[in-house]
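Asker:
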Amino acid sequence: MTLAILITIKATEKSPYVWVNRKLIHMVSGAAALAYAYVFHERWVFVVMALVFSLMTYLPHVKGRLMNSFQIEGNYGEVYYCLAWLLISFTLWDLDRVLAGMAMLFMAFGDASTGLARFLYFKYIMKKYNPVRRKHWIGSIAMFITCTLIAYLMKGSLPLALLMALTSTLVEIQPWLDDNIAVPLAACTLGILLYR
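First residue of the sequence shown? That's 25 in our numbering, and the numbers climb one at a time after it.
1. Could you check if ASN92 is buried or exposed, using at least 16 other CB atoms within 10 Å of its CB as the buried criterion?
2. Along the alpha helix (DSSP H) that carries TYR104, what are the first and last residues, could you check?
3. Just how far apart, CA to CA, sit SER181 and ARG89?
4. Just reading off the alpha helix (DSSP H) that LYS147 is part of, what are its end residues?
5. Does the segment 160–177 come close enough to the segment 56–71 to have 3 or more Cβ pairs within less than 8 Å?
6. Using only alpha-carbon positions, find the residue among LEU187, ILE162, TRP161 that is nearest to CYS171.
7. Compute the beta-carbon to beta-carbon distance between LYS179 and TYR219, rounded to the nearest angstrom, for a pair I have assumed lies under 8 Å.
8. What are the partner residues of ILE96, as DSSP defines its beta bridges?
9. What does a CB cutoff of less than 6 Å around ALA185 pick up in its chain, not counting 5 residues either side in sequence?
10. Compare the beta carbon distance of LEU140 and VAL207 with 8 Å and say whether it is the shorter of the two.
11. Roughly how far, in whole angstroms, is the beta-carbon of ALA55 from the beta-carbon of ALA127, given that I think they are within contact range, below 8 Å?
12. Taking Cβ to Cβ, would you say ASP135 is nearer than 8 Å to ASP203?
13. Which of helix, strand or coil does DSSP assign to GLY54?
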């Protein structure tokens, strides 16, 4: 899993679409979330890897040597992504590993679907690439559908899956807290209330 993430980072080095590259890396990390939820027998391997990736994404910002294929000066989204996974994987192991994995997948695939849907919409339907990064309704619809499927497949109960997906989509849209932190934390908090 770690190797797949590193290969994706390397493979996107020449791509000019930084936000698309980020979303591809998100998606590849989804395998780690599934392994956390269903395969790992203890939390520490995952926690250590989340810590390593947190440092690996933070240090280039400090040293001024960004990995330009997916890092942007002044934007710490990828660091927050790794830190959120670190926090969730450490704190929810004994409480609800599947919920933790689901929250991680909301970012790995749900959030990735926002950027990819927006990119594809502008590039192929609107016939122009819009490099201005902002939220778009097409991305929100993609996230809602993706998160609904993830929640339903992992936890069952379509009404609860719809509520989890709607809440996570609304949290992703809000402008005050980085979505890489807000979405998984909101999903975990609501999930604990709904599924426990």
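Each residue gets a CB set at the ideal place from its N, CA and C atoms; glycine is no exception. From a predicted model like this one, the values you see are computed outputs, not experimental measurements.
Answerer: This is what the structure gives:
1. Answer is exposed; the Cβ neighbour count stays below 16.
2. For TYR104, the enclosing alpha helix (DSSP H) stretches over residues 101–115.
3. For SER181 and ARG89, the gap between their C-alpha atoms comes out near 46 Å.
4. Per DSSP, LYS147 belongs to no alpha helix (DSSP H) and is neither H nor E.
5. Counting C-beta pairs closer than 8 Å gives fewer than three between the segment 160–177 and the segment 56–71, which falls short of the contact rule.
6. Put simply, of LEU187, ILE162, TRP161 the residue whose alpha carbon is nearest the alpha carbon of CYS171 is LEU187.
7. Taking a contact as a CB-CB distance under 8 Å, the pair LYS179 and TYR219 counts as one, their CB atoms being some 6 Å apart.
8. Per DSSP, ASN99.
9. The answer, listed in chain order, is THR172, ALA175, TYR176.
10. Taking a C-beta distance under 8 Å as the contact criterion, LEU140 and VAL207 do not qualify as a contact pair.
11. The Cβ separation is near 16 Å, so there is no contact.
12. In this structure, ASP203 lies closer than 8 Å to ASP135 by Cβ.
13. Note: GLY54 maps to helix in three-state DSSP.
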